[in-house]
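Just add 54 to wherever you are in the sequence shown, counting from 1, and you've got my numbering.
Structure first, commentary second.
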Amino acid sequence: MLTNTDLLALDGKPGDFTVKVRQRPRYIDADACTACGLCTQYCPKHHLDPYNEGLSLTRPIHIDYAQAVPATYYIDPSSCLYLQHETCQICVPVCQSHAINFEQQPEELELNVGAVILSPGFGKISEETLKKFSYGKHPDIVTSVEFERMTTASGPFLGEVKCFSDGRHPGRIAFIQCVGSRDLGCDNGYCSSVCCMYAIKEAMVAREHDPEVEITIFYMDIRTQGKEFDKARQRAESIGIRFVRAKVGDITPWRNQLQLTYSTFAGTHEFEPFDMVVLSVGLESPRDASGISDITGIELNKYNFAKSDTFNPLTTNREGVVVAGAFQGPKDIPESVTQASAAAGLAAGLLKKQRGQGIVHKDYPQEKSDTDEPRIGVFVCHCGINISSVVDVHKVENSVENMEGVVYHTDSL
Ligand code: SF4
Ligand code: SF4
Numbered sequence: 055m056l057t058n059t060d061l062l063a064l065d066g067k068p069g070d071f072t073v074k075v076r077q078r079p080r081y082i083d084a085d086a087c088t089a090c091g092l093c094t095q096y097c098p099k100h101h102l103d104p105y106n107e108g109l110s111l112t113r114p115i116h117i118d119y120a121q122a123v124p125a126t127y128y129i130d131p132s133s134c135l136y137l138q139h140e141t142c143q144i145c146v147p148v149c150q151s152h153a154i155n156f157e158q159q160p161e162e163l164e165l166n167v168g169a170v171i172l173s174p175g176f177g178k179i180s181e182e183t184l185k186k187f188s189y190g191k192h193p194d195i196v197t198s199v200e201f202e203r204m205t206t207a208s209g210p211f212l213g214e215v216k217c218f219s220d221g222r223h224p225g226r227i228a229f230i231q232c233v234g235s236r237d238l239g240c241d242n243g244y245c246s247s248v249c250c251m252y253a254i255k256e257a258m259v260a261r262e263h264d265p266e267v268e269i270t271i272f273y274m275d276i277r278t279q280g281k282e283f284d285k286a287r288q289r290a291e292s293i294g295i296r297f298v299r300a301k302v303g304d305i306t307p308w309r310n311q312l313q314l315t316y317s318t319f320a321g322t323h324e325f326e327p328f329d330m331v332v333l334s335v336g337l338e339s340p341r342d343a344s345g346i347s348d349i350t351g352i353e354l355n356k357y358n359f360a361k362s363d364t365f366n367p368l369t370t371n372r373e374g375v376v377v378a379g380a381f382q383g384p385k386d387i388p389e390s391v392t393q394a395s396a397a398a399g400l401a402a403g404l405l406k407k408q409r410g411q412g413i414v415h416k417d418y419p420q421e422k423s424d425t426d427e428p429r430i431g432v433f434v435c436h437c438g439i440n441i442s443s444v445v446d447v448h449k450v451e452n453s454v455e456n457m458e459g460v461v462y463h464t465d466s467l
């Protein structure tokens, strides 16, 4: 697996491609790093954490999140004091595994592959589009991605929804749909297909965290496309989440709130105050879509997503190069996973002549015999309030202490 790697060139034909890539240095030996996190604690430099949408701080030497693959720390060269100013290096003696290596250089590699799957994900809606919704003018106007990080139990606020302006819990939250989607003003004439469902999910999670909060979703159409997806909308309505078919024209700071001006489907003009406004941002093509197209020779459609055929949605104009996920067009996680399976199937077809070759046999540790004493570890997850509001997690954890074979127990996020 090559991460932190850029595609430089692609030559050849199906079944026999040569791919040139450049791997950027992590400045940490991935095999030696145990992901203990000690280096991060000692690193003196801080910067905004892009993984948390700038809602928290991180340090140049870090891992984006605990489940990242590979589970290895890396150093951000744009922020590291040594890589910018040749000073510091505090992390080097701290690391007991001697994993930090500032001598690492970018490495160019040539790989021989039979097929190529392009799956670079999606890009963000531009700042210009967000500014039309007053984003940046008031701290309590947030994007749905920021709101997602806020409501996530493992996020910077541990799931607590707070107004950025003064830290109070918002009493009234408005979601505005189709921000950067179905909008010719920003050349995005397409539906991003995921925003209605994620807005409903985020609204319900916010409601779980604070049953008193009043939530209104302003929409053009609710497009809960997908098998039984509309039941989520019905469930949201049944717990009091309000859906208003309207076009929001303006968001203005008013006292310590935000005043929404909107026109309804019935042709009336309304004004309504909210404590927080969430912009349900759509999905754009990946930022480097044109570069990928130049290198691979695949065509893009008018919205800069990979051009593919309606009845062969994964194949591109270049034989042997297939596409999967949001680069083929906006889609949710289950659909992306489905496409990934299909893309793997197509690629496997191109590799059929090579099947059974180049197999690497791994040596695994000897299995314990069934006469050995079992050693059981119990890890109880409370998942913010998602589980801990229903189950007494500490009691569950303590209850296993004297169970046969249990040698370790803990509870965690
Ligand atoms: S680089 Fe060293 S100190 Fe940092 S997480 Fe890896 S092993 Fe731990
Ligand atoms: S050398 Fe860079 S990564 Fe290491 S502690 Fe200093 S600032 Fe942090």
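We put the beta carbon where it would ideally sit given N, CA and C, even for glycine.
Predicted, not measured: the structure shown is a model, and the values here were computed from it.
Open item on the list: Classify T141: buried if its beta carbon has 16 or more other beta carbons within 10 angstroms, exposed otherwise.
Closed with: Here residue 141 refers to the residue found at position 87 when the sequence shown is read from its first residue. Label assigned to T141: exposed.
- [ ] Would you check if the distance between the CB atom of Q159 and the CB atom of P210 is smaller than 9 Å?
- [x] Taking the first residue of the sequence shown as 1, we reach residue 159 at position 105. Taking the first residue of the sequence shown as 1, we reach residue 210 at position 156. Cβ distance not < 9 Å, so Q159 and P210 don't count as in contact.
Task: Close-in-space but distant-in-sequence residues of the same chain around F319 (CB under 8 Å, 5 per side omitted) - done: Position 265 of the sequence shown, counting from 1, holds the residue named residue 319. Around F319: R299, A300.
Open item on the list: So, at 8 Å on beta carbons, what are the nonlocal neighbours of P124 in its own chain, with the 5 sequence-adjacent residues on each side left out?
Closed with: As a first step, residue 124 is located in the sequence shown; it is residue number 70 there, counting from the start. So the list reads M55, T57, A84, once near-sequence residues are dropped.
TODO: Give the secondary structure of D284 by DSSP, where H, G and I count as helix, E and B as strand, and everything else as coil.
DONE: Walking along the sequence shown from the start, residue 284 turns up at place 230. Residue state, collapsed to three classes: helix.
- [ ] Tell whether a beta-carbon distance below 9 Å holds between F328 and P224.
- [x] What you label residue 328 is simply residue 274 of the sequence shown in a count that begins at 1. What you label residue 224 is simply residue 170 of the sequence shown in a count that begins at 1. Contact flag set, yes.
Open item on the list: Whether or not the segment 200-217 and the segment 105-122 are in contact is what I'm after, with contact meaning three or more pairs of Cβ atoms, one per stretch, closer than 8 Å; do they touch?
Closed with: yes
TODO: Could you give the DSSP three-state label for P388: helix, strand or coil?
DONE: Sequence index remark: in the sequence shown, residue 388 carries index 334 (1-based). Three-state result, P388: helix.
TODO: Using three-state DSSP, classify P428 as helix, strand or coil.
DONE: On the sequence shown, residue 428 is found 374 positions in, with the first residue counted as 1. DSSP places P428 in coil when its eight states are reduced to three.
- [ ] Have a look at the DSSP bridge pairing and note the partners of E161.
- [x] Here residue 161 corresponds to residue number 107 of the sequence shown, with the count starting at 1. E161 pairs with Q77.
Task: Cα-Cα separation, E427 to V450 - done: The residue labelled residue 427 in the question sits at position 373 within the sequence shown. The residue labelled residue 450 in the question sits at position 396 within the sequence shown. Whole-angstrom Cα-Cα distance: 23 Å.
Task: Assigned secondary structure, A401 (DSSP; H/G/I helix, E/B strand, else coil) - done: Here the question's residue 401 lines up with position 347 in the sequence shown. A401: helix per DSSP, three-state reduction.
Task: C232 versus T306 - alpha carbon distance - done: What you label residue 232 is simply residue 178 of the sequence shown in a count that begins at 1. What you label residue 306 is simply residue 252 of the sequence shown in a count that begins at 1. Going by the C-alpha atoms only, they are around 19 Å apart.
TODO: In angstroms with no decimal places, state the Cα-to-Cα distance between R377 and L92.
DONE: In the sequence shown, the residue the question calls residue 377 occupies position 323. In the sequence shown, the residue the question calls residue 92 occupies position 38. This sequence places Val at residue 377; Arg is not what is there. Roughly 39 Å between the two C-alpha positions.
Open item on the list: Relative to the C-alpha of E373, which candidate in L172, G383, A86, I230 has its C-alpha closest?
Closed with: Taking the first residue of the sequence shown as position 1, residue 373 is located at position 319. Cα-wise, what sits closest to E373 is L172.
Open item on the list: The beta strand (DSSP E) that contains R226, what's its start and end?
Closed with: Within the sequence shown, the letter at position 172 stands for residue 226. Segment 226-233, the beta strand (DSSP E) holding R226.
Open item on the list: Can you find the residues in the same chain that come closer than 7 Å, C-beta to C-beta, to Q313, ignoring five residues on each side of it along the sequence?
Closed with: Residue mapping note: residue 313 aligns to position 259 of the sequence shown, counting from 1. Closer than 7 Å at Cβ, skipping near neighbours: T306, F325, P327.
Task: Secondary structure of M330, DSSP reduced to three states - done: The residue you call residue 330 lines up with position 276 of the sequence shown. Of the three classes helix, strand and coil, the one that applies to M330 here is strand, per DSSP.
Open item on the list: Restricting to runs no shorter than 4 residues, where is the alpha helix (DSSP H) found entirely within the segment 229-273?
Closed with: 249-263
TODO: Consult DSSP for L102 and reduce its assignment to one of helix, strand or coil.
DONE: Here residue 102 refers to the residue found at position 48 of the sequence shown. In this structure, L102 counts as strand in the three-state DSSP scheme.
Open item on the list: At the level of alpha carbons, what is the spacing between S132 and Q95?
Closed with: As a first step, residue 132 is located in the sequence shown; it is residue number 78 there, counting from the start. As a first step, residue 95 is located in the sequence shown; it is residue number 41 there, counting from the start. Whole-angstrom Cα-Cα distance: 19 Å.
Open item on the list: Residues in the same chain with beta-carbon distance under 6 Å from D130, minus the five sequence neighbours each way, listed in chain order, please.
Closed with: Translated into positions along the sequence shown, residue 130 becomes position 76. Excluding residues within five positions, the ones whose Cβ falls inside 6 Å are P114.
TODO: With DSSP collapsed to three states, give me the class of F325.
DONE: Taking the sequence shown and counting its residues from 1, one reaches residue 325 at position 271. Strand, per DSSP.
TODO: Give a yes or no on whether the C-beta atoms belonging to I413 and V460 are separated by under 9 Å.
DONE: In the sequence shown, the residue the question calls residue 413 occupies position 359. In the sequence shown, the residue the question calls residue 460 occupies position 406. Going by C-beta atoms, I413 is not nearer than 9 Å to V460.
- [ ] With DSSP as the reference, please indicate the residues paired to S317 in a beta bridge.
- [x] Against the sequence shown, residue 317 aligns to sequence position 263. For S317, which the question treats as bridged, DSSP gives the partners K301, H323.
Task: Q143: CB within 8 Å of a non-hydrogen atom of ligand 2 - done: Residue numbering aside, residue 143 sits at position 89 when the sequence shown is read from its first letter. Yes, the beta carbon of Q143 sits closer than 8 Å to at least one heavy atom of ligand 2.
Task: Test item: CB-CB of I144 and F187 under 9 Å - done: One-based indexing of the sequence shown puts residue 144 at position 90. One-based indexing of the sequence shown puts residue 187 at position 133. No.
- [ ] May I have the straight-line CA-CA distance separating L137 from N155, to the nearest angstrom?
- [x] For the purposes of this step, residue 137 is taken as the residue at position 83 of the sequence shown. For the purposes of this step, residue 155 is taken as the residue at position 101 of the sequence shown. Approximately 11 Å between the Cα atoms of the pair.
Task: Per DSSP, cross-strand counterpart(s) of V196 - done: Residue numbering aside, residue 196 sits at position 142 when the sequence shown is read from its first letter. Paired residue(s): V332.
TODO: Report buried or exposed for F340, applying the criterion of at least 16 other Cβ atoms within 10 angstroms of its Cβ.
DONE: Stepping through the sequence shown from its first residue, residue 340 is reached at position 286. The residue you asked about is not Phe; residue 340 is Pro in the sequence shown. P340 is buried by the Cβ-count criterion.
Task: Residues near S466 by beta carbon distance below 7 Å, same chain, minus five either side - done: Along the sequence shown, read from residue 1 onward, the residue named residue 466 stands at position 412. These residues qualify, in order along the chain: F433, C435.
Open item on the list: Let me check understanding here. Comparing Cα to Cα, which of A63, T59, T270, P68 lies closest to T369?
Closed with: Your numbering for residue 369 matches position 315 in the sequence shown. Closest by alpha carbon: P68.
- [ ] Ignore the nearest five residues each way along the sequence and tell me which others in I179's own chain have a CB closer than 7 Å to its CB.
- [x] On the sequence shown, position 125 is the one that residue 179 refers to. Excluding residues within five positions, the ones whose Cβ falls inside 7 Å are V233, G234, V335, G336, E338.
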